[in-house]
Amino acid sequence: MARSTIPDQRPPSAGRSRVARLARALATLAALGALAGCNGIQSALDPASLDADRLYRLTTVLFAGGGAIFVGVMIIVLYAIYASPGERGWLGSRRTVIYGGVAFPSVTLSILFPYGLLVMRDTDVRSPDALPIEVVGEQYWWRVRYPEDRGRPAFTTANEIHVPVGRPVTISVTSADVVHAFWIPNLGGKIDMIPGRLNALSFTADRPGIYRGVCTEFCGEQHALMAFDVVVHPPEDFDVWRAAQERPGAEPASDFLRRGKELFQTGGCGNCHAVRGTGFDGQLGPDLTHVGSRRTIGAGVFPNNAGTLAGWISDTQHLKGGARMPSYGSLPGEDLRALAGYLESLQ
Ligand code: CUA
Numbered sequence: 027m028a029r030s031t032i033p034d035q036r037p038p039s040a041g042r043s044r045v046a047r048l049a050r051a052l053a054t055l056a057a058l059g060a061l062a063g064c065n066g067i068q069s070a071l072d073p074a075s076l077d078a079d080r081l082y083r084l085t086t087v088l089f090a091g092g093g094a095i096f097v098g099v100m101i102i103v104l105y106a107i108y109a110s111p112g113e114r115g116w117l118g119s120r121r122t123v124i125y126g127g128v129a130f131p132s133v134t135l136s137i138l139f140p141y142g143l144l145v146m147r148d149t150d151v152r153s154p155d156a157l158p159i160e161v162v163g164e165q166y167w168w169r170v171r172y173p174e175d176r177g178r179p180a181f182t183t184a185n186e187i188h189v190p191v192g193r194p195v196t197i198s199v200t201s202a203d204v205v206h207a208f209w210i211p212n213l214g215g216k217i218d219m220i221p222g223r224l225n226a227l228s229f230t231a232d233r234p235g236i237y238r239g240v241c242t243e244f245c246g247e248q249h250a251l252m253a254f255d256v257v258v259h260p261p262e263d264f265d266v267w268r269a270a271q272e273r274p275g276a277e278p279a280s281d282f283l284r285r286g287k288e289l290f291q292t293g294g295c296g297n298c299h300a301v302r303g304t305g306f307d308g309q310l311g312p313d314l315t316h317v318g319s320r321r322t323i324g325a326g327v328f329p330n331n332a333g334t335l336a337g338w339i340s341d342t343q344h345l346k347g348g349a350r351m352p353s354y355g356s357l358p359g360e361d362l363r364a365l366a367g368y369l370e371s372l373q
C-alpha cells in the first residue's frame with residue numbers, strides 16, 4: 027500500500043499554539059496562586075509579627091537567590107545543548123568547573139548559611155516580660171490556658187487564642203495524645219506538640235487582626251479539621267477580653283435558658299466540659315465557660331451560633347467523625363434549641 031495521501035488537517039501552527047496555550051494557562055495559574063497566597067489570614071507571606079517578618083524576608087532572599095541560580099544553570103544547559111561545538115568548548119574547561127562548580131557554591135553558601143543563622147538568632151527570642159500562654163493539642167482541638175500574669179488570675183479556654191499587639195508572647199505547647207504541630211503562619215514558625223515534652227514559641231504581633239492557626243502534623247482522621255482563630259487586639263481591648271474570660275459562666279437569664287442549663291446537667295455534658303462557677307467541671311473536652319464568645323465551634327470548623335451549636339450537639343460524629351464527643355441525636359428539637367441557646371448565652 028502506498029502511504030496515506032490524506033493531507034494533515036491541522037494547520038501548521040496547531041502543535042505550537044497548543045503548547046503556547048498550555049504554557050499561558052500554567053503561567054496564569056501560577057500567577058493566580060502566587061497572588062492568592064500573598065495575603066490572607068493564614069499566610070506566611072503576609073507577616074503580622076516581627077518574627078514572621080524576619081522569616082518572610084529570609085524566605086524571599088533564599089527563594090529569589092535559588093530562583094536566579096536555577097535560571098542561570100538552565101541558560102547554561104540550553105547553551106550547552108544548542109551552541110555549536112566550537113562555541114561551547116569553555117563549558118568543559120577546568121576553569122569553568124573550578125569557578126562555577128566549586129568557588130561559586132562555596133561562596134554563596136558561606137554567605138547564606140550565616141545569614142540564616144543570624145535570622146534564627148533574632149527570631150523566637152524569649153522575653154522575661156512575655157505574656158505566657160499554654161496550648162495542648164488534643165484529637166482534634168486545642169486546650170488553651172492563660173496562666174497567672176501580672177497579678178491577673180489564670181483561666182482556660184479552647185480553640186481560640188487572643189494576644190495584644192506589641193507585647194511579646196510565649197506559647198508553651200505540648201500534646202495530650204499524639205504528635206500535633208502548632209502553626210500560625212502570619213505570626214511565627216511551626217512548632218511540634220509532643221506528648222510528655224514542652225516546646226515553646228515566642229513572637230510579638232505588630233498589627234491587630236484575626237489570623238488562623240492550624241495543626242500541621244497528621245494526627246488522625248480529623249487532622250484537617252483542627253484549626254483555631256488568633257485574635258490580635260490593641261492592648262486595651264486585650265485587657266477587656268481577658269477580664270471577660272476571667273469571669274465565671276453567665277447564669278441563664280430566662281426560663282428557656284434555665285431549661286438549657288438543666289439539660290446540660292441531666293445530659294451529662296458537665297462530665298466532659300467545664301463551665302466555671304456553675305459546678306460543671308469536666309476536663310475531657312473544651313472548657314465552655316465563654317463558648318458563646320468564640321468565633322467558631324468544632325476547632326475552627328463552623329461559625330458559632332445557636333444553629334450550628336444545635337447541629338453540632340445532635341450530629342457531632344457526622345460533622346467531625348472520630349472526634350471524642352458522641353452525637354446526641356435523640357434530643358427533641360425544643361430541648362436541643364434550649365441547650366444550644368444556653369451555650370450561646372455563655373458570652
Ligand atoms: Cu492535630 Cu493534625
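Counting in this note's numbering, the sequence shown runs from 27 upward without gaps.
C-beta: ideal position from N, C-alpha, C; glycine also.
The structure displayed is predicted, hence computed values, not measured ones.
Cys298 and Gly305 have their C-alpha atoms roughly 12 Å apart. Ligand 1 has no heavy atom closer than 7 Å to the beta-carbon of Gly66.
At the C-beta level, Leu81 and Ala70 come within 8 Å of one another. Fewer than three Cβ pairs drawn from the stretch 178-197 and the stretch 355-371 lie within less than 8 Å of each other, which leaves the two stretches out of contact. In this structure, Met351 has its CB at a distance of at least 7 Å from all heavy atoms of ligand 1. Taking 7 Å as the cut-off, one finds no heavy atom of ligand 1 near enough to the beta carbon of Glu247. Taking C-beta atoms as the reference points, Pro73 and Asn212 count as a pair closer than 8 Å.
One Cα belongs to Gly294, the other to Glu288, and the distance between them is close to 10 Å. Between Phe229 and Ser353 a beta carbon distance of about 38 Å is seen, past the 8 Å cut, so the two are scored as non-contacting. Non-local beta-carbon contacts of Arg120 in its own chain, meaning distances under 8 Å to residues more than five positions away in sequence, are absent. Within its own chain, the residues whose Cβ lies closer than 8 Å to the Cβ of Leu372, once the five positions on either side in sequence are excluded, are Gly275, Ala276, Val301, Leu314, Thr315, His316, Val317, Gly318, Ser319, listed in chain order. The straight-line gap separating the alpha-carbon atoms of Arg50 and Phe139 is approximately 36 Å. Thr242 is the residue among Ala202, Thr242, Ala231, Thr292 whose C-alpha sits nearest the C-alpha of Lys216. Across the structure, Gly177 and Ile159 are spaced so that their CA atoms are roughly 15 Å apart. Put simply, of Ile67, Ala78, Arg152, Gly222 the residue whose alpha carbon is nearest the alpha carbon of Ala202 is Gly222.
The Cβ-Cβ distance between Phe282 and Ala364 falls below 8 Å.
Excluding residues up to 5 positions away in sequence, Pro73, Asp232 lie with their Cβ nearer than 8 Å to the Cβ of Asp79 in the same chain.
In this structure, Glu186 has its beta carbon at no less than 7 Å from each heavy atom of ligand 1. By alpha-carbon distance to Val191, the top candidate from Leu251, Asp148, Pro261, Val205 is Pro261.
Nearest in C-alpha terms to Gly235, of all of Arg169, Leu135, Asp307, His259, is His259. With a contact defined as Cβ atoms closer than 8 Å, Ala253 and Val240 qualify at about 5 Å. Considered as a whole, the stretch 161-228 harbours 167-172, 181-184, 186-190, 195-201, 206-209, 217-219 as its complete beta strand (DSSP E) runs of no fewer than 3 residues, in chain order.
About 5 Å separates the CB atoms of Val327 and Leu251; that is less than 8 Å, so the two are in contact. The beta carbon of His206 is closer than 6 Å to those of Gly163, Met219, Cys241, Glu243, Cys245 in its chain, skipping five residues each way along the sequence. The beta carbon of Ala106 lies closer than 6 Å to those of Arg114, Leu117 in the same chain, with the five residues before and after it left out. Annotation: the continuous beta strand (DSSP E) that includes Ile236 extends over 235-241. Along the stretch 317-353, the beta strand (DSSP E) does not occur as any fully enclosed run of 3 or more residues. Fully enclosed alpha helix (DSSP H) runs of no fewer than 4 residues occupy 130-148 of the stretch 86-168, in order along the chain.
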